Amino acid sequence: MRLTPEASGVFPIAPTPFHPDGSVDWTSADRLYEFYHGIGSDGVTVLGIMGEAPKLEPEESIGMVKRAVAKLGGKPIIVGVSAPGFAAMRSLARQVMDLGAGGVMIAPPTNLRTDDQITGYYAQAVEAIGTDIPFVIQDYPLTLSVVMTPAVIRKIIQDNPSCVMLKHEDWPGLEKISTLRRFEAEGTLRRVAILTGNGGLFLDFEMERGADGANTGYAFPELLIDVVKASKAGRRDDAHDIFDAHLPLLRYEQQQGVGLAVRKYVMMKRGILASDAQRKPGPGLTAAAKAEVDYLLGRLAKHDPRAKI
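Yeah, the sequence shown ends on 1098 if you go by my numbering, and it's all consecutive.
Structure (structure tokens):
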């Protein structure tokens, strides 16, 4: 299924499963995508920043996309295609779309500083991959060091009809969502989907500001689905109650440098991944850190039985 501006819901960022020796664990990959499909995810994002994409060989990247397409039952697959050069970006984008992906996600390179550089980069990227491929803007200044104002995002969207989604990961970013939705109400911005990141850390209020869902990772993606559904149904207290129960683990998973290790450790304990290994270089968790995560899981289980692992 192709990605459209009407996309909404939860598109988890898939980690890449590895064996302890660093080889790709294809069996766990199949189980992971079956899990995402089974819990009611609206799609999935493959080869994202948290998917260790730069550590994969080209054939491994293609293999991961093939498995996601096969297991998600026709739901849209977003594939991260960011690359230092446009030739590699075009090659990967065309290949994954031919395999059945729904669209691609493009992050700006870290050297962009001015508004014109940012909008010019996206114009060149679209020219390179082709205007027939739906794409997602990744706005992640905390990691990428590229600051996109609402006006810059509006120009990228207005200038490029193939842009169908914004992955919003600014922090603080609630006012940015409100501003973009105001542009839309004023008629100066066509509607695109806004899905949010940052590990879901602000999802409760992001939904209330006008986000359509989440495009991020968390060891319990069911929580993201719960919050989005409750928010859309107008059950504000229900959304905040379940969110607040998970917040300590969400916060712990947001630690720079070890967040992916925490996520993989919990997903291993849940039986989704066979190992919590990352491909080197990548930090693991110390015994003390694992004990802290186990403590948080025990506390969470008092409110959410899915954490009884």
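We treat Cβ as the ideally placed atom computed from N, Cα and C, and that holds for glycine. Bear in mind that the values here come from a model prediction, so they are computed numbers and not experimental data.
* Grouping DSSP H, G and I as helix and E and B as strand, with all else coil, what is Phe924? -> strand
* When we look at the beta-carbon of Pro1010 and count the other beta-carbons within 10 Å, is it buried (16 or more) or exposed? -> buried
* Of the choices Val941, Tyr929, Leu978, Ile946, whose alpha-carbon is the least far from that of His957? -> Tyr929
* To do: Name the residue from Ala876, Tyr1041, Val1055 whose alpha carbon lies nearest to the alpha carbon of Pro804.
  => Val1055
* Report the three-state DSSP secondary structure of Lys1091 (helix, strand or coil). => Shown here, Lys1091 sits in coil according to DSSP, grouped into three states, outside any helix or strand.
* Asked: Mapping DSSP to helix, strand and coil, what is Lys985?
  -> It is Thr, not Lys, that sits at residue 985 in the sequence shown. Correct three-state label for Thr985: strand.
* **Boundaries of the alpha helix (DSSP H) in which Ile946 is found, first to last residue** => 939–948
* Identify, in the order they occur along the chain, each residue of the same chain with its Cβ nearer than 7 Å to the Cβ of Ser1020, setting aside the five sequence neighbours on each side. => Met996, Glu997, Ala1028
* Asked: To which residues of the same chain is Lys844 closer than 6 Å at the C-beta, ignoring the five residues directly before and after it?
  -> Arg1068
* **Contact set for Ser934: own chain, Cβ-Cβ below 7 Å, skip 5 residues either direction** => Around Ser934: Thr899.
* Where the beta strand (DSSP E) containing Thr834 begins and where it ends -> Taken as a continuous stretch (DSSP letters only), the beta strand (DSSP E) holding Thr834 covers 833–835.
* From this set, Lys864, Gly862, Gly863, Thr834, which residue's C-alpha is nearest Met853's C-alpha? -> Thr834
* Under the three-state DSSP convention, the category Val1017 falls into -> helix
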